[in-house]
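Q: Got a structure for you, written out below as structure tokens; questions coming shortly.
There are 2 protein chains.
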Amino acid sequence: MSEVAEKFARITPVPAYQMVAEAIEREILSGRLRPGDPIGTEAELVKQFGVNRSTVREGIRLLEHGGLVHRDSSRRLSVGLPHYDRLASRASRALVLHQVTFRELLEATMALSLASIELAVMRATEDDIAGLESNIAATEQVMHNPAAVAAYDSEFHIMLERAGRNRVLELAREPSNMLIYPTTQVAVGGSEQGARRLIEAHRMLVEAVRRRDREMARLWTQRHLIDWRKGFEKAGMDLDQPIDTVTGDSAAGG
Amino acid sequence: MSEVAEKFARITPVPAYQMVAEAIEREILSGRLRPGDPIGTEAELVKQFGVNRSTVREGIRLLEHGGLVHRDSSRRLSVGLPHYDRLASRASRALVLHQVTFRELLEATMALSLASIELAVMRATEDDIAGLESNIAATEQVMHNPAAVAAYDSEFHIMLERAGRNRVLELAREPSNMLIYPTTQVAVGGSEQGARRLIEAHRMLVEAVRRRDREMARLWTQRHLIDWRKGFEKAGMDLDQPIDTVTGDSAAGG
DNA sequence: GGGGTTATGATTGTCGGACAATCAGACGCG
DNA sequence: CGCGTCTGATTGTCCGACAATCATAACCCC
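See the structure below:
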């Protein structure tokens, strides 16, 4: 943006494997290749691009890693829809590397959750609500297991935001979701009181959604998150500390 | 979450190149390798892992693509901090592939911008404000060039959110930012009136930040986004249409 | 004829070796 | 000290090869 206009463009020799990747990527992004369409075999790509198989393979690896292409049963290549999870896991790793603090996570989650819940209040269907309720029931079953509670909590909020029918927000939330999960475990772990309050909050959130009561939904979202913070503080953690202790391989996912 | 406990774990033969990538990734994520640290040459990695160079290369390509490792001048490998841009570009590509609509983008942007601006009101420094002001000055210089205005607008909002000092939010916003940019160009393009209103809104936002006036900041953020939507509608686009028309290679970036 | 089994070919993952181009660093020269 | 040159190291790309696996077709048995 604020750069001086330079006389010559920078010379950047682009390696062949990268050109292979970009060529396929362009086809996909332009819509000429649609998700599910088969891409040729490696041998075919070798012929098409006129490069060696090693080069093709290096190029394909890039797309495969990014989720743009995907190997279904057997190992044939086909165009895939990169799911948010994949991007999210990478994004949350980046957040860990950047040493974000719990405070940042909390602030962002507060804003995103409030936005999500408002949309959910507007748009949730009966099916959405039924799903949320069965999640709550399942949570009650495992109330004594902090890890399981945290897992169901994570699922609950994902379902909730899906009910809001906004995929941009969904994608925006997911990296933080993955960071929240391990900390919820810590926050709930202390006492059974924690799990109880969590379930109550979930129940009130569903009730608010059912009544289309926006203010009630906002209120309980805030309470829920404040509880989360308190549980976290009670566990002796510092809000302004980077999140790198808790985040084990559990969040990595296959 | 809702799966039955199975007796045996699924058998997933992990290719060697992937193990190479994961091994290096673990070292980085665990902190034993810090950003900037050199990773060995390909030959060294070949010796360490006991696999062929082609295999090592395929593995490295993955990390390199994800930004976890990075080749500085010459082409030596070193650990890199994946910057949000890189993730964001991939995320916004995913959004396009999923055919999100302008309405989704607008809703999410509204929520995220309001959160950003509130933090910016709290935390912006004199330097931040000076930067924003010089951006506005620069925008005025190019008022007649919609593309340039859109570019400065994008920069403005990035600076604004950076002033909020919350990297989680920053990462959450960036994918949508990249989608907004091309549409701003469309929205402003119609009349010079559009650019004028945009600059006015920016000015009021900076003023609000300077006065630490949260309500004023929220108000002008909303106005700014409503203007954006109106400009967009005036250009004859449909809010509930997927965003795939405008999103050219301009957003891809090197 | 249908269901299971076996051969066959295609495809991928991995390997070893090779070479040109390029870069870092040493060397020599003015 | 600045400059060109040389040398070794490193990367990008290529070739050819082989075992393991998968898809498919041919086969056989009931």
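Just so you know, the protein sequences line up as chains R and S, in that order. Just so we're aligned, residue 1 is where the first sequence starts under my numbering, counting upward by one. Just so we're aligned, residue 1001 is where the second sequence starts under my numbering, counting upward by one. For each residue, glycine too, the CB sits at the ideal point set by N, CA and C. Quick caveat: nothing in here was measured; it's all calculated off a predicted structure.
1. Counting along the chain, where does the alpha helix (DSSP H) carrying S:S1113 start and finish?
2. Write down the C-beta distance between S:L1098 and R:L81 rounded to the nearest angstrom, noting that I regard them as a contact closer than 8 angstroms.
3. Tell me the DSSP secondary structure of S:P1082 in three-state form.
4. Which of helix, strand or coil does DSSP assign to S:L1132?
5. Can you have a look at R:D127 and say buried or exposed, based on whether 16 or more other CB atoms are within 10 angstroms of its CB?
6. Rounded to whole angstroms, how far is the Cβ of R:I136 from the Cβ of R:H202, which I believe are closer than 8 angstroms?
7. Quick check on this structure: which residue in S:I1180, S:L1198, S:K1234 has the alpha carbon closest to the alpha carbon of S:L1095?
8. Which word fits R:A264, buried or exposed, when buried means at least 16 other C-beta atoms lie within 10 angstroms of its C-beta?
9. Considering only DSSP beta bridges, list what R:H70 is partnered with.
10. Going along the chain, which residues of the segment 43-73 of chain R sit with their C-beta nearer than 7 angstroms to a C-beta in chain S?
11. Would you mind sorting S:P1015 into buried or exposed? The rule is 16 or more other CB atoms within 10 Å of its CB.
12. Along chain S, which residues have their Cβ under 8 angstroms away from the Cβ of R:E107?
13. Which residues of chain R have a Cβ atom closer than 8 angstroms to the Cβ of S:S1176, listed in chain order?
14. Would you please verify whether the beta carbon of S:K1234 is less than 8 angstroms from any beta carbon of chain R?
15. Can you tell me where the alpha helix (DSSP H) with R:P182 in it begins and where it stops?
16. So the alpha helix (DSSP H) R:R256 belongs to, where does it begin and stop?
17. Can you list, in chain order, the residues of its chain whose CB lies under 6 angstroms from that of R:L225, leaving out five sequence neighbours each side?
18. Within 8 angstroms of any Cβ in chain S, is that where the Cβ of R:H144 sits?
19. Comparing the C-beta of R:A187 with each C-beta of chain S, is any distance below 8 angstroms?
20. Check the DSSP bridge columns for R:P38 and list the partner residues they point to.
21. Between S:E1027 and chain R, is any beta-carbon pair separated by less than 8 angstroms?
22. Decide if the segment 219-234 of chain R is in contact with the segment 186-197 of chain R; the criterion is three or more beta carbon pairs, one per stretch, under 8 angstroms apart.
23. Which chain R residues are close to S:R1090, counting only those with a beta carbon under 7 angstroms from its beta carbon?
24. I'd like to know if R:M207 contacts chain S, where contact means its C-beta is closer than 8 angstroms to some C-beta of that chain.
25. With a Cβ-Cβ cutoff of 8 angstroms, do R:V100 and S:V1168 count as a contact?
26. Can you tell me which of the three DSSP states S:P1013 falls into?
27. Can you list, in chain order, the residues of its chain whose CB lies under 6 angstroms from that of S:M1159, leaving out five sequence neighbours each side?
28. Could you tell me whether any Cβ in chain R is nearer than 8 angstroms to the Cβ of S:Y1084?
29. Starting from S:P1146, trace the alpha helix (DSSP H) in both directions and tell me its first and last residue.
30. Spatial neighbours of S:A1088 within its chain, please: CB distance less than 6 angstroms, with the 5 preceding and 5 following residues excluded, ordered by chain position.
31. I'd like to know whether the C-beta of S:R1218 is nearer than 8 angstroms to at least one C-beta of chain R.
32. Would S:N1166 be called buried (16 or more neighbouring beta carbons within 10 Å of its own) or exposed?
33. Could one say the Cβ of R:V20 lies closer than 8 angstroms to chain S's Cβ atoms, at least one of them?
34. Can you find a CB in chain R that lies within less than 8 angstroms of the CB of S:L1097?
35. Please go through the same chain and pick out, in chain order, the residues whose beta-carbon is closer than 6 angstroms to the beta-carbon of R:A163, but skip the five residues on each side of it.
36. Could you tell me whether the Cβ of S:R1196 comes closer than 8 angstroms to any Cβ of chain R?
A: In short, the structure shows the following:
1. 1102-1123
2. Checking the sequence, you will find His at residue 1098 of chain S rather than Leu. Their Cβ separation, rounded to whole angstroms, is 7 angstroms, which keeps S:H1098 and R:L81 in contact under 8 angstroms.
3. coil
4. helix
5. exposed
6. 5 angstroms
7. S:I1180
8. No answer is possible for residue 264 of chain R: it lies beyond the span of chain R, which begins at 1 and ends at 254.
9. R:S78
10. S54, R57, E58, R61, L62, H65, G66
11. exposed
12. A1115, L1119, N1166, V1168, L1169
13. V168, A172
14. no
15. 167-189
16. Residue 256 of chain R lies beyond the residue range present for chain R, which begins at 1 and ends at 254; the question has no answer from this structure.
17. M110
18. no
19. no
20. R:S78
21. no
22. yes
23. G66, L87
24. Looking at the sequence itself, residue 207 of chain R is Glu, so the reference to Met does not match. Not one chain S Cβ lies under 8 angstroms of R:E207.
25. yes
26. coil
27. G1131, L1132
28. yes
29. 1146-1163
30. E1174, P1175, M1178
31. no
32. buried
33. no
34. yes
35. A120, A124, D128
36. no
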